[in-house]
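Just so we're aligned, residue 2 is where the sequence shown starts under the numbering used here, counting upward by one. Beta carbons are placed, not taken as given, at the ideal position from N, Cα and C, and that holds for glycine. Below is one structure, written out as structure tokens; comments come after it.
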Amino acid sequence: MKSLLKMLILLFLYQISFTSLGQAVMDEYMLKQKATQLEILNTMGADKPMNALESFRLSTKGYATYFSYWYQLITAAGMEDYYRSDDFIVNFYVLDERFEQLPEDLRKRMIDPKNKEKIQKFLKHYLCISEPYETFVDFAEVGNINNLNGENINIKYQVVPVPESDKRRSLSDIAIKTATANKVKFGLPFKVTNGYCILLYDFFPGTLDYFK
């Protein structure tokens, strides 16, 4: 019994040390990227903090319509509470420009409240409830996260030094080499009060099939 207990304690201590090591493997370029993000977050105005839903809704009332389709999807699905939740969320989204490239009849089906259940299934591919992360780099280092369908989203994110030939044109000495989620390229995320919203350059594979 004592030997069993001793073995369990050793396994527990090993797990702690392994986890700590895994969280400390950021290379110098990822650490620089994290420092840059922290600097940006610290200098951003905090007078009007917004959750994810408010951020998407803003585009429907402002001068530009960057993600008005995404906001229409959320409201047609009746999922507003998910996006203004007190939980920490990671939300992937697609800009209106990509929606405009879809056939018009498909686009209409996607935002039709009559298709509420299909829209909900679609959005759950793009929404994750997670533990909080200080910066996006911390999130990217984890490498994967489960969406609301319980499926794994695989994150590939690599920061590398800027080549000597490009340094004159670069504002930084580091550059993002790889940024994909389930093999779809993504752009820089923006921080909201309840998590991160991450721009995808295309839809996750197979998710448009709900509306075809």
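I believe residue i touches residue j by the beta-carbon criterion, under 8 angstroms. Please report the beta-carbon distance rounded to the nearest angstrom.
i	j	result
Leu107	Phe212	6 angstroms
Leu200	Leu59	With 8 angstroms as the limit, Leu200 and Leu59 do not qualify as a contact, their Cβ atoms being about 15 angstroms apart.
Ser208	Phe123	Residue identity differs from the one stated: residue 208 is Thr in this sequence, not Ser. About 6 angstroms separates the two Cβ atoms, so the contact holds.
Ile175	Val185	In fact, because the Cβ distance is near 23 angstroms, the residues do not count as touching under 8 angstroms.
Considering only C-alpha positions, which residue in the set the options is nearest to residue i?
i	options	result
Ala182	Phe205, Asp174 and Phe68	Phe205
Pro125	Ile90, Tyr30, Asn52 and Gly144	Checking the sequence, you will find Lys at residue 125 rather than Pro. Checking every option, the nearest Cα to that of Lys125 belongs to Ile90.
Ile85	Gln121, Tyr30, Met51 and Lys115	Here residue 85 turns out to be Arg, not Ile, going by the sequence shown. Answer by Cα proximity: Met51.
Asn92	Pro190, Asp210 and Asp203	Pro190
Thr37	Gly207, Ala180 and Asp139	Asp139
Leu128	Val143, Phe100, Val161 and Asp82	Asp82
Asn148	Glu55, Gln121 and Ser69	Gln121
Gly151	Val143, Ser131 and Glu135	Ser131
Asp203	Phe57, Leu32, Met27 and Trp71	Trp71
Tyr94	Ile146, Ala53, Phe137 and Lys33	Ala53
Asp210	Gly144, Arg110 and Tyr134	Arg110
Asp88	Asn145, Asp28, Met27 and Tyr134	Tyr134
Thr219	Thr136, Tyr30, Met31 and Leu32	For the chain, the structure presents residues 2 to 213; residue 219 sits outside this window and is missing.
Tyr30	Gly144, Glu98 and Ile177	Ile177
Cys198	Glu98, Ile146 and Ser56	Ser56
With 16 as the cutoff for other CB atoms within 10 Å, does residue i come out buried or exposed?
i	result
Leu1	No information on residue 1 is available, as it lies outside the stretch 2 to 213 that the chain covers here.
Gly196	buried
Ala141	buried
Gln102	exposed
Cys179	For the record, residue 179 in the displayed sequence is Thr; it is not Cys. Label assigned to Thr179: exposed.
Leu39	exposed
Lys35	buried
Val160	buried
Leu74	buried
Write down every uninterrupted run of the alpha helix (DSSP H) in the segment 51–136 whose length is 4 residues or greater and which is fully enclosed by it, in chain order.
-> 53–62, 69–78, 81–84, 97–100, 105–111 and 117–124
Check whether the segment 153–163 touches the segment 63–83, taking contact to mean three or more Cβ pairs, one atom from each stretch, closer than 8 angstroms.
-> no
With a cut-off of 8 angstroms, do at least 3 Cβ pairs link the segment 112–119 to the segment 71–80?
-> yes
Which runs of the beta strand (DSSP E) spanning at least 3 residues fall entirely within the segment 140–168, listed in chain order?
-> 145–147 and 153–162
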